[in-house]
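To start, the structure under review is shown below, and the notes come after it.
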Amino acid sequence: MTILLYDLVGRDESRPFSPHCWKATMALAHKGLDVSTAPTRFLEVPTIEGGASKSVPVIRDGDKVVIDSFAIALYLDEAYPDRPTLFGGEGGKAMARFIERWSQLTIHPYVTTAALTDLHAMQDEENAVYFRQSREQRLGKPLEDVVAARDGGLAAFRASLEPLRSMLSYQPFIGGASPLFADYIVFGALQWARIATPYQLLENSDVAAQWFSRCLDLHGGLGRKVAAAA
Numbered sequence: 001m002t003i004l005l006y007d008l009v010g011r012d013e014s015r016p017f018s019p020h021c022w023k024a025t026m027a028l029a030h031k032g033l034d035v036s037t038a039p040t041r042f043l044e045v046p047t048i049e050g051g052a053s054k055s056v057p058v059i060r061d062g063d064k065v066v067i068d069s070f071a072i073a074l075y076l077d078e079a080y081p082d083r084p085t086l087f088g089g090e091g092g093k094a095m096a097r098f099i100e101r102w103s104q105l106t107i108h109p110y111v112t113t114a115a116l117t118d119l120h121a122m123q124d125e126e127n128a129v130y131f132r133q134s135r136e137q138r139l140g141k142p143l144e145d146v147v148a149a150r151d152g153g154l155a156a157f158r159a160s161l162e163p164l165r166s167m168l169s170y171q172p173f174i175g176g177a178s179p180l181f182a183d184y185i186v187f188g189a190l191q192w193a194r195i196a197t198p199y200q201l202l203e204n205s206d207v208a209a210q211w212f213s214r215c216l217d218l219h220g221g222l223g224r225k226v227a228a229a230a
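Mind the numbering: the sequence shown is residues 1 to 230 in UniProt numbering, read in order.
Put into structure tokens, the structure is as follows:
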């Protein structure tokens, strides 16, 4: 049976950009499952599956609805234990929880700073109004003022990824010799930036950028099927 994934998009349905939806997309591909997607805009999210969630990703697998990317990964490992594991056991789940918090507290804030106005530009007219109002209320300043800080914060952001670079000197993926869900967590954050903005977060020679390129090549180059922002 095909699993339905509700995937966040803007004006262009062919450019899904949500870091959390990309985590789910990669997890589903890791499991080798058949997937169909329902392109979903911000203002449509509260209507999906009878109002099951205020955010995406959401999947429907038969009569089972699962919300939240981490919960989706846990569900997939439980429901499809005969397919490649996303966590490699309980220790992997605990590790992935740490990686998720690190990514959301370290990478996500700077991607927001770097890409906010570009993300706004990706929305259709109605969703652009919602995006601006909700983000400016949350951040306490105009979108343009947030993005004005990106050049000044770039060096500190790059330095904050040193733990990732150091770890990658021992192994090709966060998961070890091959990727696990922990890789998809960090990949999702950087893929969000890659699709949303042409602003270069990492130098091509950066070990972290080279790891990200390897992730883009996974599952038949799934991550590259959406072009980088130009």
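For glycine and all other residues, C-beta sits at the position ideal for the given N, C-alpha and C.
Since the model is a prediction, treat every value here as computed from it, not as a measurement.
Buried is the label assigned to Leu164, since at least 16 other Cβ atoms lie within 10 Å of its Cβ. Taking a contact to require three or more Cβ pairs closer than 8 Å, the stretch 62-81 and the stretch 151-170 do not qualify as touching. When C-beta atoms of the stretch 203-218 are compared with those of the stretch 179-193, three or more pairs fall below 8 Å, so the two segments count as touching.
The C-beta distance from Leu8 to Glu126 rounds to 15 Å, too long to meet the 8 Å contact threshold. Assigned with DSSP and collapsed to three states, Ser36 falls in strand.
Here Pro16 has Asp7, Leu8, Val9, Trp22, Thr25, Thr37, Pro39, Ile195 and Val226 as same chain residues with Cβ atoms under 8 Å from its own Cβ, once five neighbours each way along the sequence are excluded. Leu5: member of the beta strand (DSSP E) spanning Ile3 to Leu8, first to last residue.
Between Thr117 and Leu139, the beta carbon gap of about 12 Å keeps them out of contact (Cβ cut-off 8 Å). Val111 and Pro84 have their C-alpha atoms roughly 30 Å apart. When the beta-carbon positions are compared, Pro19 and Gln200 stay at least 8 Å from each other.
Secondary structure in the stretch 78-155: the alpha helix (DSSP H) runs of 4 residues or longer, each lying completely within the stretch, are 90-121, 125-139 and 143-147 in chain order. The criterion of a C-beta distance shorter than 8 Å is satisfied by Ile59 and Leu5. The way I'd put it, the stretch 93-105 doesn't touch the stretch 166-173; fewer than three beta-carbon pairs between them come closer than 8 Å. Following the DSSP letters along the chain, one finds Val207 in no beta strand (DSSP E) but inside the alpha helix (DSSP H) bounded by residues Val207 to Gly221. Residue environment for Met1: exposed (fewer than 16 other C-beta atoms within 10 angstroms of its C-beta). Rounded to the nearest angstrom, the gap between the Cα atoms of Ala182 and Ala29 is 14 Å. Close CB contacts of Tyr130 within its chain, under the 7 Å cut and outside five residues either way in sequence, are with Phe42 and Leu43 (chain order).
Linking Gly153 to Val147 through their CA atoms gives a straight-line distance of about 10 Å.
Here Ala149 is exposed: its Cβ has fewer than 16 other Cβ atoms, across all protein chains shown, within 10 Å. Per DSSP, the unbroken alpha helix (DSSP H) holding Lys23 starts and ends at Pro19 to His30. Nearest to Leu161 by C-alpha distance, out of Asp145, Gln104, His120 and Lys141, is Gln104.
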